[in-house]
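Quick notes on the structure that follows.
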């Protein structure tokens with residue numbers, strides 16, 4: 002039986018209540034990506050006219066294929082790092098375009114930098130010329146390896162600009178500076194979300210795109226070794242996609258959120274080892290866990306302060322990790338289990354990732370109880 006994406010869309014609609022986007026014309030860059038495609042789904046369902054831009058570098062056309070026949074949806078294959086203009090009036094611009102997987106940082110640092118600087122500036126110019134609101138999806142990575150946990154929006158960060166994650170961390174920090182400059186110089190209506198680790202259906206698990214949750218699910222369901230970096234004691238704050246999209250749309254729509262920077266993430270920490278064991282439990286897999294050296298500058302803890310999200314947006318996460326993981330596994334099994342390992346995307350990138358893994362050696366780290 003095909004997996005029904007409408008259940009997620011309906012859950013987001015319920016949580017948004019009477020928040021309206023009816024008859025608004027909205028541009029979403031990176032709209033064929035994991036989160037971008039869900040934004041498209043929900044906004045079309047809420048009566049908005051959505052223009053989706055994506056160069057399909059990491060986004061997938063299949064994520065929005067079901068929307069192509071809708072009169073409320075238009076897809077444009079384009080790299081937002083290159084200028085583009087629109088004759089129709091836009092009410093809201095949502096800049097989500099960027100590669101985001103840590104494995105992509107090594108292979109595509111220039112593209113990541115361009116998406117969050119040149120690309121963002123193009124989006125800001127579009128918003129300025131249309132007198133439109135703009136939502137920039139920044140990241141918890143602006144905090145780097147934080148020395149203050151839980152981490153509030155006021156924390157300046159602890160980032161290594163010259164490290165392997167610098168292309169992403171500093172690109173997003175620069176992006177936030179661009180947004181602030183347009184707000185201050187032009188009076189633009191800006192909103193910035195610092196997204197913490199988000200997961201769920203449509204998250205890529207193949208090649209260099211796979212992050213912890215999709216990688217663990219993929220490995221567990223194929224009875225392959227679960228690859229944990231370090232001893233697994235590092236933490237992340239995992240937010241299911243329905244919670245994240247609700248938070249982003251509240252930030253985009255509410256008048257009182259104008260000019261705000263807001264953490265949107267789960268304030269419950271989970272260790273990577275706990276996550277791996279939970280995936281094994283939920284899949285019934287007999288895979289073993291192997292430990293590899295922790296990548297350079299990999300953050301040791303992630304946990305947001307979400308007081309601002311609660312007070313300004315009326316938002317907090319609702320979906321427990323086990324429930325979100327179960328939904329993700331259900332989607333994976335319906336969409337991908339048993340299919341060939343080379344899926345939609347670049348085969349060259351998959352081969353490159355395999356080559357990188359071939360040079361890895363297991364660490365002597367042992368799991369903690």
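Residue numbers (this note's numbering): 2 to 370.
All C-beta atoms in this analysis are idealised placements derived from N, C-alpha and C, irrespective of residue type, glycine included.
Proximity below 8 Å, CB of residue i to CB of residue j
| i | j | result |
| --- | --- | --- |
| residue 25 | residue 93 | yes |
| residue 267 | residue 318 | yes |
| residue 236 | residue 166 | no |
| residue 328 | residue 154 | no |
| residue 87 | residue 41 | no |
| residue 51 | residue 45 | yes |
| residue 248 | residue 273 | no |
| residue 184 | residue 120 | no |
| residue 230 | residue 296 | yes |
| residue 331 | residue 39 | no |
| residue 305 | residue 151 | yes |
| residue 173 | residue 117 | yes |
| residue 252 | residue 213 | no |
| residue 255 | residue 9 | no |
| residue 55 | residue 78 | yes |
| residue 258 | residue 326 | no |
| residue 69 | residue 199 | no |
| residue 221 | residue 281 | yes |
| residue 96 | residue 135 | yes |
| residue 299 | residue 161 | no |
| residue 217 | residue 283 | no |
| residue 33 | residue 91 | no |
| residue 244 | residue 320 | yes |
Nearest candidate by alpha-carbon position, reference residue i, set the options
| i | options | result |
| --- | --- | --- |
| residue 196 | 120, 178, 101, 17 | 101 |
| residue 278 | 228, 265, 72 | 228 |
| residue 171 | 190, 152, 183, 146 | 146 |
| residue 130 | 188, 287, 325, 76 | 188 |
| residue 76 | 30, 132, 103 | 30 |
| residue 48 | 27, 16, 244 | 27 |
| residue 61 | 71, 142, 98 | 98 |
| residue 223 | 168, 286, 244 | 286 |
| residue 207 | 105, 68, 33 | 105 |
| residue 168 | 204, 113, 108 | 113 |
| residue 270 | 322, 212, 126, 54 | 322 |
| residue 186 | 139, 205, 126 | 126 |
| residue 312 | 283, 262, 294 | 262 |
| residue 7 | 65, 34, 191 | 65 |
| residue 204 | 333, 16, 128, 22 | 333 |
| residue 80 | 71, 57, 72 | 57 |
| residue 246 | 20, 43, 23 | 43 |
| residue 1 | 293, 336, 292, 250 | Since the first residue of the chain shown is 2 and the last is 370, residue 1 is not available in this structure. |
| residue 336 | 23, 63, 21, 158 | 63 |
| residue 375 | 157, 103, 12, 191 | Nothing about residue 375 can be read from this structure; the chain reaches only from 2 to 370. |
Extent of the continuous alpha helix (DSSP H) run through residue i
| i | result |
| --- | --- |
| residue 333 | 322-336 |
| residue 174 | 167-187 |
| residue 111 | 110-117 |
Minimum Cβ-Cβ distance from residue i to chain C less than 8 Å
| i | result |
| --- | --- |
| residue 115 | Reference to chain C is not applicable here, since this structure consists of a single protein chain. |
Rounded Cβ spacing between residue i and residue j (contact assumed at less than 8 Å)
| i | j | result |
| --- | --- | --- |
| residue 225 | residue 288 | 6 Å |
| residue 137 | residue 180 | 5 Å |
| residue 141 | residue 115 | Not a contact, Cβ separation roughly 21 Å. |
| residue 139 | residue 176 | 6 Å |
First and last residue of the uninterrupted beta strand (DSSP E) at residue i
| i | result |
| --- | --- |
| residue 291 | 290-293 |
Near the ligand MN: residue i beta-carbon under 7 Å from a heavy atom
| i | result |
| --- | --- |
| residue 240 | As presented, the structure is devoid of all ligands, the ligand MN included, so that no description of it is given. |
Subject >> Contained beta strand (DSSP E) runs [length at least 3] in the region 193-278, N- to C-terminal order >> reply: Entirely contained in the region 193-278, the beta strand (DSSP E) runs reaching 3 residues are, in chain order, 227-230, 262-265.
**OP:** Quick one: which unbroken beta strand (DSSP E) runs of 3-plus residues sit fully inside the region 72-106? Chain order, please.
**Re:** 74-78, 93-96
Subject >> 3 or more residues per run - each beta strand (DSSP E) lying fully within the region 13-53 >> reply: For the region 13-53, the continuous beta strand (DSSP E) assignments of 3+ residues that do not extend past its boundaries occur at 26-30, in sequence order.
Original post:
What residue ranges within the region 130-169 form continuous beta strand (DSSP E) runs of no fewer than 3 residues, ordered along the chain?
Top reply: 134-140
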